[in-house]
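Trainee:
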Amino acid sequence: VRFTPTTLTEAEQALRDEVRDFLASELPKNRRPGLGMDTEASPEFSRRLAARGWLGMTIPRQYGGHERSAVERFVVIEELLAAGAPVAAHWVADRQIAPAILAFGNEAQRRRFLPAIARGDLCFSLGMSEPDAGSDLAAVKSRAVRTRGGWLLSGTKIWTSRAHESHFMVVLCRTGEPGSDRHDGLSQLIVDLSWPGVTVRPIPFLDGSHHFDEVALSEVEVPDDMVLGEPGAGWRQVTSELTHERSGPDRYMSAWKLIETFIAEHPAEAEQAAVPIGILVARYWAIHQMSLALARAMDTGASTSVQAAMVKDLGTVFEQEVVRVMQQVFGRDPFPGPGGSFESLLAQAIVTAPAYTLRGGTTEILRTITARALAR
Amino acid sequence: VTTYPVKPTRSVADEDGSAEARVLVGELADALLAQHCTYEVREAAEAGTWPARLWDELEAAGLTLLDSGDDSADVDAQSAVTVLQAAGRAALPVPLAEAMFLGPGLLRSAGADVPPGMLAVAVPTADDKIEITGDAVSGQLARVPWGRKATHIAGLTVHRGTPYLYVVEKSAATVEQATNLAGDARDSVSFHEIGLRGTRLSPDAGAARELSLRGQLSRAALMTGAMQAVLEMTTKYVQVRQQFGKPVISFQAVAHRLVRMAEEVELATLATSAAAARFQEVGLGAALEVSSAKGSCAAAAEEVVAAAHQLHGAIGMTREYPLHHFTRRLRAWSFEWGTGAQCGQEIGALAARSGAERLWPLLTGTRGAMP
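These protein sequences, in sequence, are chains W and B.
For the first sequence, the working numbering assigns the number 1 to the initial residue and increments by one for each residue that follows.
For the second sequence, the working numbering assigns the number 1001 to the initial residue and increments by one for each residue that follows.
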């Protein structure tokens, strides 16, 4: 489970500058920045980003993509997160749905979905967790039964991010019996959230905000052409998505704006707190190098799922450490507020940071995956 | 002197950017050290016996002078780091970093030749004193790695606003023997009004910064090697050791602690390699990267040392079991050339000076960072 260090080429560095210039002119000055991928959805912003060729970057041109490398995509999304740009509308579609459809989808699905994702026109949700299937994802009870020409899908998905703003959801469900391996008999179905039988209800977040939902599926008719990949191969497909889901800068950039706004607004205190802030900056640099190394490895086609679990564990625990340290450095209880000040961002981060090590695979699951690889 | 399959001649070690050559040098170092840097050799060194055979083999293989010789400005920091990581994996008790990387780099940055014999460079401490009076130099250095064995001791000082490089012949100095946490020789060396002959004026104020970065990089390399060895020992041990009728790694608490170790080791290793590459590319411009690497190693060592001992249980607390050769050196190397907090201070000051707008460019080494 070694990582091979890499540096950016001049062209890759130039891309970074290009994105930075775009964001400087694109984003209003006095907006409240996002905390990493915790940000608002702006379909308009997503489309402008797409117009620059920065969505669907790794997708082939024939499907509306740009045939760029994983490293180039890494550079773009790291800049977006560093700026706290409103990325939510396209985030899931661009990060893992597009690569999954490219890898497992049939020709018609690729032609239907990939160009639309690359244009920033489609918002996707992930239908994974259920009331009785969290970390133990293979325990999903949503079930699709065969009909003529399709499937009848029923079940309940929860913690589904942005289902209320999404067009489609990729649902992991059972289509067959588990047999000797409980991971058998699972499939991924693409569900149009406007179809009959789909009910989306908000699950308010602990701070009162609304970004995830419960999605009830009641005898939803799913035609055959909306099955992603092979029926029964859902587990393999889902786990292969996880490298995309776990290794990226969204797993360590959630609290970056705290550092920046603190230095901007409290320069004297920042100088006094040089030691703790310097230790955080050092670790930002190191984890950034690790995630970059993984992006480079993905470009060589290497299998990186264990390394991705390690990066996500290091990154998300570190994000929480940033919140904890900045809270101590600030030394007073921050009040929430609508503006983009350090204080209001810190208040948001303190309350929401526990999610960092839950979403996308808990710390405990990640460590169990890595332990299995170490014991080999 | 034994011969080894691959000899890192200058041409091999210096093939600029050649990752393959570096791998070969690293493999050579690993093979040599596996044979000559054994538990017994380390124990004898700690008891005060200079491991002459080990040093001779390192010299004969060309590993003590990897990075010296010509006055090219091109410094192969990555090869040095590769060899020092191998040294760390063997808990090397001799001052290879000083002889191969710090000394020659220091002398070359001042335009001086590397003298024959063993060149020592002191680990800086707040207690060091160097004074120049007329054309003589006096001083006291608290931690000179194997000062007792050195032929020359080199260092930097500032006199009336001008940086000086001094090179002192050990024979003219007084050595008081001392050892650090790991039992490695860190001698106190003092000298009084030695003629300034051999002392050169360094016009370049960057020499002190460069030496400090090399010092940090050397310790980061040694530490990552040692941490790799500790991880390997621990990974094996928890799969062999049985309790409650099964290998202890089958307990989730044990497995997860092992994973935390592995994560820290890989993070520190990658940071050190990346910092070495950056240092090779931009020299003093790599201050953030090099200090981050050393700081990452210090932070990693906290977890790695604690977890390795916890997972080994009592056997790891015995003299007989070699874990302490690594964990004690990790503790000592954590302090040398800057603790985690001292590295943090440097980076934090850089961040504050840089300002919010230029911090992200600084971190990503891109346009818009402070010059």
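Think of the CB as a built atom: it goes at the ideal place given N, C-alpha and C, for glycine as much as any other residue.
Taking the alpha helix (DSSP H) that B:E1320 falls in, what are its first and last residues?
Mentor: The residue given as residue 1320 of chain B occupies position 320 in the second sequence. Looking at the DSSP string, B:E1320 is not in any alpha helix (DSSP H), and its letter there is neither H nor E.
Trainee: Between the C-alpha atoms of W:G150 and W:W235, what's the straight-line distance to the nearest angstrom?
Mentor: Here residue 150 of chain W refers to the residue found at position 150 when the first sequence is read from its first residue. Here residue 235 of chain W refers to the residue found at position 235 when the first sequence is read from its first residue. Going from the Cα of W:G150 to the Cα of W:W235 covers about 20 Å.
Trainee: W:P178 to W:I59, Cα distance in whole Å?
Mentor: The count along the first sequence starts at 1 and reaches residue 178 of chain W at position 178. The count along the first sequence starts at 1 and reaches residue 59 of chain W at position 59. The straight-line gap from Cα to Cα measures roughly 33 Å.
Trainee: Alpha carbon to alpha carbon, what distance is there between W:I279 and B:E1346?
Mentor: Start at 1 with the first residue of the second sequence, and residue 1346 of chain B comes out as number 346. Start at 1 with the first residue of the first sequence, and residue 279 of chain W comes out as number 279. Going from the Cα of B:E1346 to the Cα of W:I279 covers about 9 Å.
Trainee: For W:Q327, go through chain B and note every residue whose CB falls closer than 7 Å to its CB, in chain order.
Mentor: Taking the first residue of the first sequence as position 1, residue 327 of chain W is located at position 327. None at all; the shortest Cβ gap to chain B is about 17 Å.
Trainee: Determine whether the Cβ of W:E165 lies closer than 8 Å to any Cβ atom of chain B.
Mentor: Mapped onto the first sequence, residue 165 of chain W falls at position 165. No - not a single Cβ of chain B is within 8 Å of the one on W:E165.
Trainee: Which of the three DSSP states, helix, strand or coil, is assigned to B:S1011?
Mentor: Residue 1011 of chain B sits at position 11 when you count from the first residue of the second sequence. Any reading at B:S1011 needs caution, since the residue's pLDDT is 35, under 50, leaving its predicted position unreliable; the model's value is listed next. Helix.
Trainee: Indicate the three-state DSSP secondary structure (helix, strand or coil) for W:T7 in the structure shown.
Mentor: Counted from its first residue, the first sequence places residue 7 of chain W at position 7. W:T7 falls in the coil class under three-state DSSP.
Trainee: Starting from B:K1129, trace the beta strand (DSSP E) both ways and give me its first and last residue.
Mentor: Translated into positions along the second sequence, residue 1129 of chain B becomes position 129. 1129-1133 is the span of the beta strand (DSSP E), which, as asked, contains B:K1129.
Trainee: Quick check: the Cα distance between B:E1040 and B:G1088, rounded to an integer number of angstroms?
Mentor: Numbered from 1 along the second sequence, position 40 holds the residue referred to as residue 1040 of chain B. Numbered from 1 along the second sequence, position 88 holds the residue referred to as residue 1088 of chain B. Those two C-alpha atoms are separated by around 16 Å.
Trainee: Does B:T1364 get closer than 8 Å to chain W when you measure Cβ to Cβ?
Mentor: Sequence index remark: in the second sequence, residue 1364 of chain B carries index 364 (1-based). Chain W contact via Cβ: present.
Trainee: Give every residue of the same chain whose Cβ lies closer than 7 Å to the Cβ of W:T6, excluding the five residues on either side of it in the sequence, and list them in chain order.
Mentor: As a first step, residue 6 of chain W must be located in the first sequence, where it is residue number 6. Around W:T6: L292, A293, R296.
Trainee: Check for me: the alpha helix (DSSP H) holding W:S463 runs from which residue to which?
Mentor: Since the first residue of chain W shown is 1 and the last is 376, residue 463 of chain W is not available in this structure.
Trainee: In chain order, what residues of the same chain lie with their CB nearer than 6 Å to the CB of W:P33, ignoring the 5 residues before and after it?
Mentor: Taking the first residue of the first sequence as position 1, residue 33 of chain W is located at position 33. These residues qualify, in order along the chain: G84, K257, G340.
Trainee: Please confirm whether any heavy atom of the ligand MN lies closer than 7 Å to the CB of B:A1314.
Mentor: This structure does not include the ligand MN; it has no bound ligands of any sort.
Trainee: Tell me, please, whether the stretch 1245-1261 of chain B touches the stretch 1117-1127 of chain B by the rule of three or more beta-carbon pairs shorter than 8 Å.
Mentor: Touching, no, given that fewer than three Cβ pairs across the two stretches are closer than 8 Å.
Trainee: Quick one: give me the first and last residue of the beta strand (DSSP E) that W:L186 is part of.
Mentor: To locate residue 186 of chain W, count along the first sequence from 1; it is residue 186. Counting along the chain, the beta strand (DSSP E) containing W:L186 begins and ends at 186-192.
Trainee: Quick one, are the C-beta atoms of B:A1306 and B:V1290 less than 8 Å apart?
Mentor: Position 306 of the second sequence holds residue 1306 of chain B. Position 290 of the second sequence holds residue 1290 of chain B. In this structure, B:V1290 does not lie closer than 8 Å to B:A1306 by Cβ.
Trainee: Does the separation of the CB atoms of W:K157 and W:S187 fall below 8 Å?
Mentor: As a working mapping, residue 157 of chain W is identified with position 157 in the first sequence. As a working mapping, residue 187 of chain W is identified with position 187 in the first sequence. No, these two residues do not count as a Cβ contact at 8 Å.
Trainee: So W:S194 and W:A103 are supposed to be a Cβ contact under 8 Å. How far apart are they, rounded?
Mentor: Walking along the first sequence from the start, residue 194 of chain W turns up at place 194. Walking along the first sequence from the start, residue 103 of chain W turns up at place 103. With a Cβ gap of about 26 Å, W:S194 and W:A103 do not count as contacting.
Trainee: Please determine, among W:Y63, W:M169, W:R148, the residue with the shortest C-alpha to C-alpha distance to W:R119.
Mentor: Counting from 1 along the first sequence, the entry for residue 119 of chain W is found at position 119. Residue W:Y63 is the option with its Cα nearest to W:R119.
Trainee: Grab the span of the alpha helix (DSSP H) containing B:A1052 for me, first residue to last.
Mentor: In the second sequence, counting from the first residue as 1, residue 1052 of chain B sits at position 52. Segment 1052-1060, the alpha helix (DSSP H) holding B:A1052.
Trainee: Determine which residues of the stretch 1228-1241 of chain B have a Cβ less than 7 Å from any Cβ of chain W, and write them out in chain order.
Mentor: Within the stretch 1228-1241 of chain B, the qualifying residues are T1235, Q1239.
Trainee: Against chain W, with Cβ distances strictly below 8 Å, would B:W1360 count as a contact?
Mentor: Taking the first residue of the second sequence as position 1, residue 1360 of chain B is located at position 360. Closer than 8 Å to some Cβ of chain W, the Cβ of B:W1360 qualifies, so yes.
Trainee: Count Cβ pairs between the stretch 347-355 of chain W and the stretch 190-208 of chain W that sit closer than 8 Å; are there 3 or more?
Mentor: Yes, the stretch 347-355 of chain W is in contact with the stretch 190-208 of chain W.
Trainee: Which first and last residues belong to the beta strand (DSSP E) in which B:Q1140 is found?
Mentor: Here residue 1140 of chain B is taken as the residue at index 140 of the second sequence, counted from 1. Start and end: 1136-1145.
Trainee: With a threshold of 8 Å between beta carbons, is W:E72 in contact with chain B?
Mentor: If you number the first sequence from 1, residue 72 of chain W lands on position 72. No, W:E72 lies away from the interface with chain B (no Cβ there is under 8 Å from its Cβ).
Trainee: Could you give the uninterrupted runs of the alpha helix (DSSP H) lying entirely in the stretch 217-288 of chain W, keeping only those of 4 residues or more?
Mentor: Counting whole runs of 4 or more residues, the stretch 217-288 of chain W contains the alpha helix (DSSP H) stretches 234-246, 256-265, 267-272.
Trainee: Compare the C-alpha of W:T9 against each of W:H66, W:E72, W:K29 and name the closest.
Mentor: Residue numbering aside, residue 9 of chain W sits at position 9 when the first sequence is read from its first letter. The option with the nearest alpha carbon to W:T9 is W:E72.
Trainee: Checking 8 Å against the spacing of the C-beta atoms, do W:D94 and W:G56 come in under that value?
Mentor: By one-based count along the first sequence, residue 94 of chain W stands at place 94. By one-based count along the first sequence, residue 56 of chain W stands at place 56. Contact flag set, yes.
Trainee: With 8 Å set as the bound, which would you pick, yes or no: does the beta-carbon of B:V1075 sit closer than that to a beta-carbon of chain W?
Mentor: As a first step, residue 1075 of chain B must be located in the second sequence, where it is residue number 75. With a pLDDT of only 48 at B:V1075, under 50, the local geometry of the prediction cannot be trusted, and the value read off the model is given with reservation. It does not: the Cβ of B:V1075 has no partner Cβ on chain W nearer than 8 Å.
Trainee: What are the start and end residues of the alpha helix (DSSP H) that includes W:F342?
Mentor: As a first step, residue 342 of chain W is located in the first sequence; it is residue number 342 there, counting from the start. Per DSSP, W:F342 belongs to the alpha helix (DSSP H) from 342-352.
Trainee: Using only CA atoms, which one of B:F1191, B:A1308, B:G1155, B:D1128 lies nearest to B:S1138?
Mentor: Working through the second sequence from its first residue, we reach residue 1138 of chain B at position 138. Comparing Cα-Cα distances from B:S1138 to each of B:F1191, B:A1308, B:G1155, B:D1128, the minimum goes to B:F1191.
Trainee: Using a beta-carbon distance below 8 Å, is W:H266 in contact with chain B?
Mentor: Stepping through the first sequence from its first residue, residue 266 of chain W is reached at position 266. Closer than 8 Å: no.
Trainee: Rounded to whole angstroms, what's the CA-CA distance from W:V238 to W:I365? Just pull it up for me.
Mentor: The residue you call residue 238 of chain W lines up with position 238 of the first sequence. The residue you call residue 365 of chain W lines up with position 365 of the first sequence. Each residue's alpha carbon lies about 15 Å from the other.
Trainee: Please determine, among W:A273, W:A268, W:M310, the residue with the shortest C-alpha to C-alpha distance to W:I287.
Mentor: The residue given as residue 287 of chain W occupies position 287 in the first sequence. For the residues W:A273, W:A268, W:M310, the minimum Cα distance to W:I287 belongs to W:M310.
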